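Protein chains in written order, with the working numbering: chain A, 1 to 343; chain B, 344 to 686; chain C, 687 to 1029.
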């Protein structure tokens, strides 16, 4: 489909600065822009590309002032970043969505399925499972006995949800996610370990998105809980009885050990590790690869392993890099002092 | 089902301290205890909850001496932790277990299946595979050609076991586990890499539990071996030709590079990394996020990356946090010494 | 099958040093060598095993000079390491390979399948997918709508490839790989996050091997690109819009955040983390567990988190381990200087 600059501007409440009749049929990144595509410029770091891009149309903030010549048509909007997100959403909405029930699939007689489902081939829906309306369950997904899935949720291919877990509305679970495997609980018994049965479940509230191959373990008793609006990236590990507060965002390959409570609106970088039985205050930000080993007050900003105050960590690390010089300075001082003493 | 305090006490060889006739129908955590449930108090850190919990019955160590009023009935046992593990096991044993062979599933004509199997829909069992008695293979699991699985083992949904691997008795493999993918072996050849075929296998001994999405690579030649009683958490990486000794426990997201031998009864925290071709002595404990780059003697306790003696690491890290002050002290000393010299 | 020493020597352009008629039917590691097997000695660290191995034949470098007695027959070759790789390849080539289309599988009417395919049971091939010649798609793999897969590529069990992704020729994707899940893109909106649709794809060039349960996210726009000859180990995370240059090798559990460009011929250890929007020069080597937070020039060798020059890091870390002593030295100096001042 072709869209004219003037029509896109109207959609986005923007203003055309250039040819209102020029048309595009796809989006591109500004540094790779081709004729017939629309790009955007939000990050000033990328401004130089606008003077050479081949994209036909570029979305810019209304405050943008060019410093060189350029050949594209601009559409000036309040926020180029928000506008491109809106356009991507429209583009995404136009893509055909799967519907219906493909065969062979396995749907237990005692499962209930809402309206307008998509159930892919080789998907499995266990005894007593309750699937809401407009739910999409892609091929080879496993929905265990008694699992509940809310309206409008998308379960991608090969997701595995163990018995008794509960998923809210408008959630997205990417391929390979595992919800509800047994928590890692063993008690020493003589020279070996005895398994502690894990009889709880996992509870995802609404609007949660979980990245590919991420694992969330079932609680020993009660629930491991991921609250409304949480976003977990790929390959994240959430242990048994953890609670992650609303709208917290956790980047890839981070792990949270058992029974730790994470507050709301936290942001964790990638490969962060948090030990068990802690409280992490709301609004906490943790730099990538940090390790948390103690309770954390609200709105902390942390780095290191074990982590402490971010700016202080930066200062310490600068010093760490100077340690050989520091050592030299101490040696010199010792010599000077010995000389002074002998005088 | 309802259970009375006096009956639970009898089961656990405990003593009722309160109302022997009060009954419960579920378990709960002491901090979330509701009427009609049984909770337990093992960790003294949680003692304050016993004075406010709504749980009807609380299991406590027989030595427990309350310091405030409380409203629940106590059952005093030798070890509250062991007792709750016993109860959870009973609870778990009462849950219905899947049996039979669901359709469609794919079972090669040359595979042999033991007594009382569960084989879920869309499970795949390859040519010449040998499945023991009472084995449970959940939906969408893949059992490659020639794989051997011992009695009473549970293979959860979507586990993938490559050709020729061997799994012992009473093992548990959680969803998404991959056993026997090719080891990461490449030889430089001109400007690119040539794959070194990996013709060995993976061998799990008895009583091994493997967490969700954990990967254990097949050996180049011979076997990658996980010995009796080993417990691996989720998202762990075990490279080709590694040997993990009996009853070793490894937390989530740890990785062990090729050909390293880990002793018995080791305990590794999460996100630990161990380079290849090392020997890690039995009884070694490694703190989370540590990195091991050299051979380790028995019963070492380690932290850091590269890791060294744990208490020494703690002392060094305390100093690391003081580096800016240390730097200031050195600057001050230099000034003082220069002043002394000029006098 | 039995092979005689003289025949193996002829195959490998080697020379028999011992009994040319002795025969073997399997390969083994030199430290576990059994009669009737062939082992190899490439790493001098393992030389002592040759004097006790029970292997019937050992491949050695032609320069090998024994320092003790040994009982095996030697085959001397230019490079024992290359020779064993050649033999393993031959052994691997002789193993039976699956062919044909198993049932039930799901192949969309609009998909096109090349010559001599293997499509395992419960595999799913979406609308408009294009599968090349000699492609092997193992059971329970998911090939989304419009996916393109080049000739001779192997897709192991349970791989999930989202809509619109492109895989080159002669690639190997191990079990549980996820290609094309949504990039982790969210924009704050009031008190929660709004998803930014990810409409790009993943593009793997030829000769790429991807380890088990590794995740490569689709681009926001355009492509996440893995160039020719790249080898990724297990449980690696590649975020949206990343480009990994040709013949780069990345060990297990490493992660690269969004839009970072990695050059050619890089080698990264395990558990490395790289933040987003960076350029990593070609030929860069990064030690395991390092963290990269800034652009990196070509041929850098790095360690630490944040990482810097490898030998310098080693020196700093030696000093880190001496920090308590350093602190003592400073305390002593302060005392001495105070004494001098008071004199």
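Note that CB positions come from ideal geometry on N, CA and C, so glycine has one too.
Bear in mind that the values here come from a model prediction, so they are computed numbers and not experimental data.
Using a Cβ-Cβ cut-off of 9 Å, state whether residue i counts as contacting chain A.
i, result
"residue 918 of chain C", "no"
"residue 391 of chain B", "no"
"residue 890 of chain C", "no"
"residue 477 of chain B", "no"
"residue 347 of chain B", "no"
"residue 480 of chain B", "no"
"residue 814 of chain C", "no"
"residue 655 of chain B", "no"
"residue 949 of chain C", "no"
"residue 738 of chain C", "no"
"residue 511 of chain B", "no"
"residue 552 of chain B", "yes"
"residue 428 of chain B", "yes"
Of all Cβ atoms in chain C, is any one closer than 9 Å to the Cβ of residue i?
i, result
"residue 424 of chain B", "no"
"residue 324 of chain A", "yes"
"residue 717 of chain B", "Chain B is shown from 344 up to 686; residue 717 of chain B falls before or after that span and cannot be answered."
Who are the neighbours of residue i on chain B, taking C-beta pairs under 8 Å?
i, result
"residue 1026 of chain C", "683"
"residue 64 of chain A", "Within 8 Å Cβ-Cβ: nothing; residue 64 of chain A doesn't reach chain B, min ~42 Å."
Taking residue i as the query, report the chain B residues whose CB atoms sit under 7 Å from its CB, ordered along the chain.
i, result
"residue 898 of chain C", "521, 524 and 558"
"residue 785 of chain C", "In chain order: nothing, as chain B lies at least about 13 Å away."
"residue 315 of chain A", "667"
Using the beta-carbon of each residue, which ones in chain C are nearer than 8 Å to residue i?
i, result
"residue 651 of chain B", "1007"
Go ahead and label residue i buried or exposed: buried means 16 or more other beta carbons lie within 10 angstroms of its beta carbon, across all protein chains shown.
i, result
"residue 245 of chain A", "buried"
"residue 909 of chain C", "buried"
"residue 893 of chain C", "buried"
"residue 69 of chain A", "exposed"
"residue 674 of chain B", "exposed"
"residue 481 of chain B", "buried"
"residue 540 of chain B", "buried"
"residue 612 of chain B", "buried"
"residue 826 of chain C", "buried"
"residue 103 of chain A", "exposed"
"residue 109 of chain A", "exposed"
"residue 368 of chain A", "There is no way to answer for residue 368 of chain A, as the model of chain A reaches only from 1 to 343."
"residue 311 of chain A", "exposed"
"residue 437 of chain B", "exposed"
"residue 950 of chain C", "buried"
"residue 443 of chain B", "exposed"
"residue 570 of chain B", "buried"
Residues of chain C with a CB under 7 Å from the CB of residue i: which are they?
i, result
"residue 247 of chain A", "877, 878 and 879"
With a cut-off of 9 Å, does the C-beta of residue i fall near any C-beta of chain B?
i, result
"residue 241 of chain A", "yes"
"residue 305 of chain A", "yes"
"residue 173 of chain A", "no"
"residue 1035 of chain C", "Here chain C comprises residues numbered 687 to 1029, so residue 1035 of chain C is not present and cannot be evaluated."
At a CB-CB cut-off below 8 Å, which residues of chain A make contact with residue i?
i, result
"residue 594 of chain B", "184 and 257"
Note down, in chain order, every chain B residue with its Cβ under 9 Å from the Cβ of residue i.
i, result
"residue 778 of chain C", "540, 541 and 542"
"residue 806 of chain C", "449, 467 and 485"
"residue 235 of chain A", "556, 578 and 596"
So which residues of chain A does residue i contact, with C-beta pairs closer than 9 Å?
i, result
"residue 611 of chain B", "Within chain A, no residue comes near residue 611 of chain B; the closest Cβ sits about 12 Å away, beyond 9 Å."
Which residues in chain A sit within 7 Å of residue i, going by Cβ to Cβ distance?
i, result
"residue 431 of chain B", "196, 197 and 199"
- Selection of the segment 103-117 of chain A by Cβ proximity to chain C, strictly under 7 Å: 104
- Message: Across the segment 262-279 of chain A and the segment 288-305 of chain A, are there enough close Cβ pairs to call them in contact, namely three or more that are closer than 8 Å?
- Response: yes
- Of all the residues that make up the segment 146-162 of chain A, which are near chain B by a beta-carbon distance shorter than 8 Å? Listed by position, the residues of the segment 146-162 of chain A near chain B (Cβ gap below 8 Å) are 158, 160 and 162.
- Query: Are the segment 853-867 of chain C and the segment 510-529 of chain B touching, with three or more C-beta to C-beta distances below 8 Å?
  - Reply: yes
- With 7 Å as the limit, tell me which residues of the segment 270-287 of chain A have their beta carbon closer than that to any beta carbon of chain C; keep them in chain order. Going along the segment 270-287 of chain A in chain order, one finds 270 and 271 with a Cβ nearer than 7 Å to chain C.
- Taking only beta carbons into account, state which residues of the segment 357-389 of chain B come closer than 7 Å to chain A, listed in chain order. So the list reads 370, 371, 372 and 375, given in the order they occur along the chain.
- Query: Any residues in the segment 668-680 of chain B with a beta carbon nearer than 7 Å to a beta carbon of chain A? Which ones, in chain order?
  - Reply: Listed by position along the chain: 670, 673, 676, 677 and 680.
- Query: Taking one C-beta from the segment 570-577 of chain B and one from the segment 588-600 of chain B each time, how about it: are there three or more such pairs within less than 8 Å?
  - Reply: yes
- Message: So, does the segment 873-880 of chain C touch the segment 81-89 of chain A, judging by three or more C-beta pairs under 8 Å?
- Response: yes
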